[in-house]
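Following: one structure in structure tokens, then a few remarks.
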Amino acid sequence: MMDEKMIEEIIREVLKEMKGSGVAVKENPVEKGARNFNPKSDYPIGEKRKDLIKTSTGKSLDDITLEQVMKGSIGADDFRITAETLLLQAQVAEAAGRTQLAGNLRRAAELTKVPDERILEIYTALRPYRSSKQELLDIAEELDKKYNASVCAALVREAADVYEKRKRLKGME
Amino acid sequence: MKSKRFQTLAERPVNKDGFVAEWPEVGLIAIGSPNDPKPSIKIQNGKIVEMDGKLREDFDMIERFIADYAIDIEAAEKAMAMDSVEIARMLVDINIPREKVLEISKGLTPAKIVDVIDKMNILEIMMAMQKMRARKRPGNQCHVTNVRDNPVLIAADAAEGALRGFDEEETTVGITRYAPFNALALLIGAQTGRGGVLTQCALEEAFELTIGMRGLTSYAETISVYGTEQVFVDGDDTPWSKAFLASAYASRGLKMRFTSGTGSEVQMGYAEGKSMLYLEAKCVLITKAAGVQGLQNGSISCIGVPGAVPSGIRVVAGENLITMMLDLEVASGNDQTFSHSDIRRTARLMPQLLAGTDLIFSGYSAVPNYDNMFAGSNFDIEDVDDYLAVQRDLMVDGGLRPVTEEEVVAVRNKAAKALQAVFKKLGLPPITDEEVEAATLANGSRDMPARDVNEDLKAATEMMQRRITGLDVVRALAESGYTDVAQNVLNMLKQRIAGDYLHTSAVLDKAFKIDSAVNNPNDYKGPGTGYRLSPERWQEIKDIPQALKPESFNTEEGA
Chain R
15 MMDEKMIEEI
25 IREVLKEMKG
35 SGVAVKENPV
45 EKGARNFNPK
55 SDYPIGEKRK
65 DLIKTSTGKS
75 LDDITLEQVM
85 KGSIGADDFR
95 ITAETLLLQA
105 QVAEAAGRTQ
115 LAGNLRRAAE
125 LTKVPDERIL
135 EIYTALRPYR
145 SSKQELLDIA
155 EELDKKYNAS
165 VCAALVREAA
175 DVYEKRKRLK
185 GME
Chain X
5 MKSKRFQTLA
15 ERPVNKDGFV
25 AEWPEVGLIA
35 IGSPNDPKPS
45 IKIQNGKIVE
55 MDGKLREDFD
65 MIERFIADYA
75 IDIEAAEKAM
85 AMDSVEIARM
95 LVDINIPREK
105 VLEISKGLTP
115 AKIVDVIDKM
125 NILEIMMAMQ
135 KMRARKRPGN
145 QCHVTNVRDN
155 PVLIAADAAE
165 GALRGFDEEE
175 TTVGITRYAP
185 FNALALLIGA
195 QTGRGGVLTQ
205 CALEEAFELT
215 IGMRGLTSYA
225 ETISVYGTEQ
235 VFVDGDDTPW
245 SKAFLASAYA
255 SRGLKMRFTS
265 GTGSEVQMGY
275 AEGKSMLYLE
285 AKCVLITKAA
295 GVQGLQNGSI
305 SCIGVPGAVP
315 SGIRVVAGEN
325 LITMMLDLEV
335 ASGNDQTFSH
345 SDIRRTARLM
355 PQLLAGTDLI
365 FSGYSAVPNY
375 DNMFAGSNFD
385 IEDVDDYLAV
395 QRDLMVDGGL
405 RPVTEEEVVA
415 VRNKAAKALQ
425 AVFKKLGLPP
435 ITDEEVEAAT
445 LANGSRDMPA
455 RDVNEDLKAA
465 TEMMQRRITG
475 LDVVRALAES
485 GYTDVAQNVL
495 NMLKQRIAGD
505 YLHTSAVLDK
515 AFKIDSAVNN
525 PNDYKGPGTG
535 YRLSPERWQE
545 IKDIPQALKP
555 ESFNTEEGA
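Protein sequence lines correspond, in order, to chains R and X.
To convert, count from 1 in the first sequence and add 14; that's our numbering.
To convert, count from 1 in the second sequence and add 4; that's our numbering.
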């Protein structure tokens, strides 16, 4: 009889193989790191499941104290939410029946990897009459390939299509 | 022929207000325009192929966004087949809990939602609001601004606002370049008055996100959406750009809500002959579709438009209700000077105050009307004792608490001094002791000495270039001995790591504990259920300083 650990090992091996062969399979950080998470009873996560929250530099919530700030050991990056945390929050939203909010939090999880400046540029590019269809498709490609942000990429691709139909691309005003 | 009676009436404040007859062709009609579509839905292969009488190939971008993302197609066929009166009755029926209503309302089209609201009178709308509000406890938000963008005064007013009980504080600018100072002063003032108050600075979308990313604000609200494609595009956005922006905020752990309101499309000239509520229903659905947790609506800066037409104020309450029916947080307006008549502006407030909303005002002006840079509010600081008396008279929680002059003066002084210290540490233009003293005792910016505006603007621009962040503010406060305020600002920054306050209707109490629709959902089912004043809260509301007490009679001779 195989126990859970063994199954996990096998899955990990398979995943490794697949990665090696270039097939894009993403590890789900939530399922990996937060196995006993109950999205209904573990909210607020920052109170009830502090163990699941890490800053983008790997610190815990309790590590962020005024004392540590004054010592200079806390930086601005310590206040960035991680993709893992946002995916947990998406589960909370879903468990509360809020499908669309969960979707937004999942897109947000993808965007944690995109730098501030680039986010602002992409937002501007999505405004009406700012971009050609190709420019939007290039952004989608970048989101997909560079940041592994496939849901956001799909949103941008759809925008390219809608803007074309509704004449909201660059030069159409 | 001149009647003295009519002369007297003509001079009454109400007759300085504007009123217009309904004019559906241009959209000057609150609800039920002859041009509003009839509710309908057709679903094929998991896609909506017809909505409110329009075929999918004719959808504009707004309709496509709503059809694909807002409406729950599993719920739609059953919900759309129901009689609108029956749905309206479910909304009012105390025996049907909120969750049961949501199962129906999530499947409705814009035209159907409006048809449901049109079956309800104002009292029924209020009963439904009491049940459908997402979070159990009602709350309140204020504006903190002044015509001169004086940062010391903003800090003092923010501290006082926090002490008075507001859950959220919003600022904006007279001069755009002052924005970084306004955000900084609001943050420090609010966290001096009461730890956990959320703060925002209303500005152009991209800048608002930037200062949020830097930790100078904790949420955003003025992310506008509109009910016709042309107005949406004139507002320089699309549903897709706004949906991306919503995710951008969440990706940095920042709370946000959208903003819309009846009358905006008429005001911008493209209402397509539709009623205000029909267009607003689309805005609420766009918000839902984008996955945003909440919406500021209730006409907002366009209140003069629904306020001028028949049934307009009923419809404004109706748009708040639609937001709640779609399971979104609502910051329910009451936030712009609405009428010259004190009677009308009080009546305009009643639906939100008596039913209770997540944020009854969005916001209440915590400064004099002349200093309010959102064009005044429906209630200003001059009205605060009236407001406290109304809470007490009707035994209703409007989110505020009585305060004493001593505690207000003390907290204003502390906030002004804390800002003075932070300005010094960060190398910003000095704040003099005279300014601190003036802000401590001021009613408004007319009581403040002038600052060197050019120096301020230069430094504010540099502050952005130097990338001053919330963390720099924490350090500056702590190094100057304001450890408690530093700790509060740090706690605000920490909220974004766990992201618990990204959920629907989330606010923080003074211990930084989350109070949201997830851990404190509205469970109203008639008398004895839902939100009730706790004995402590009622004691607080009752205890206005002006009230004579038996003790004062015993000690005073002849009393």
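Where a beta carbon is used, it is the ideal one built from N, C-alpha and C, also for glycine.
- With contacts defined by Cβ atoms closer than 7 Å, residue 359 (chain X) and residue 159 (chain X) do not form a contacting pair.
- Sixteen is the threshold: since fewer than 16 other Cβ atoms of the shown chains lie within 10 Å of the Cβ of residue 27 (chain X), the residue is exposed.
- When the beta-carbon positions are compared, residue 78 (chain R) and residue 67 (chain R) stay at least 7 Å from each other.
- Classified as buried, residue 355 (chain X) has 16 or more neighbouring CB atoms from the shown chains inside 10 Å of its CB.
- Each of X:42, X:67, X:71 was checked against the Cα of residue 50 (chain X), and the nearest Cα belongs to X:71.
- Contiguous alpha helix (DSSP H) elements confined to the region 97–185 of chain X occur at 102–109, 114–121, 126–136, 155–168, taking only those with 4 or more residues.
- Only those residues of the region 292–312 of chain X whose C-beta falls short of 9 Å from the nearest C-beta of chain R are listed: 292, 293, 294, 295, 296, 297.
- As computed with DSSP, residue 333 (chain X) is found in a beta bridge with X:298.
- The Cβ atoms of residue 337 (chain X) and residue 315 (chain X) lie no closer than 7 Å to each other.
- Taking each of X:476, X:319, X:391, X:212 in turn and checking the Cα distance to residue 120 (chain X), the smallest one comes out for X:319.
- By the neighbour-count definition (other C-beta atoms within 10 Å, threshold 16), residue 48 (chain X) is an exposed residue.
- The alpha carbon of residue 169 (chain X) has as its nearest neighbour, out of X:304, X:513, X:548, X:472, the alpha carbon of X:513.
- With the criterion set as a beta carbon lying under 8 Å from some beta carbon of chain X, the members of the region 161–178 of chain R are 166, 169, 170, 172, 173, 176, 177, in sequence order.
- In the structure shown, residue 525 (chain X) falls within a strand segment according to DSSP collapsed to helix, strand and coil.
- Secondary structure note for residue 305 (chain X): it is in no alpha helix (DSSP H), with a DSSP letter that is neither H nor E.
- In the displayed model, residue 60 (chain X) falls within a helix according to three-state DSSP.
- Look at residue 361 (chain X): its C-beta is not under 7 Å from any C-beta on chain R.
- When C-beta atoms of the region 140–153 of chain X are compared with those of the region 387–403 of chain X, three or more pairs fall below 8 Å, so the two segments count as touching.
- Just so you know, the alpha carbons of residue 467 (chain X) and residue 21 (chain X) end up roughly 43 Å apart.
- Scanning chain R for C-beta atoms nearer than 8 Å to the C-beta of residue 479 (chain X) yields 83, 84, reported in chain order.
- Using a Cβ distance threshold of 7 Å, residue 313 (chain X) and residue 32 (chain X) count as a contacting pair.
- For residue 259 (chain X), there is no enclosing alpha helix (DSSP H); the residue is part of the beta strand (DSSP E) that begins and ends at 259–263.
- The Cβ atoms of residue 415 (chain X) and residue 197 (chain X) lie closer than 7 Å to each other.
- DSSP places residue 435 (chain X) in the coil class of the three-state scheme, outside both helix and strand.
- Residue 7 (chain X) counts as exposed, since fewer than 16 other beta carbons sit within 10 angstroms of its beta carbon.
- By the Cβ rule, the region 124–144 of chain X counts as touching the region 84–96 of chain X, because three or more pairs are nearer than 8 Å.
- Residue 476 (chain X) has its alpha-carbon roughly 21 Å from the corresponding atom of residue 459 (chain X).
- One thing to note: residue 384 (chain X) has its Cβ no nearer than 7 Å to the Cβ of residue 509 (chain X).
- Contact annotation: in the region 35–47 of chain X, no residue has its CB less than 9 Å from a CB in chain R.
- Across the structure, residue 281 (chain X) and residue 221 (chain X) are spaced so that their CA atoms are roughly 32 Å apart.
- For residue 17 (chain X) and residue 269 (chain X), the gap between their C-alpha atoms comes out near 28 Å.
- When beta bridges are read from the DSSP output, residue 45 (chain X) appears opposite X:55.
- Contact between the region 291–304 of chain X and the region 247–266 of chain X is present, with at least three C-beta pairs closer than 8 Å.
- Within the same chain, and ignoring the five residues on either side of residue 184 (chain R) in sequence, the residues whose Cβ sits closer than 8 Å to its Cβ are 143, 144, 145, 146, 149.
- Taking the Cβ atoms as the reference, residue 94 (chain R) lies roughly 12 Å from residue 218 (chain X), outside the contact range of under 8 Å.
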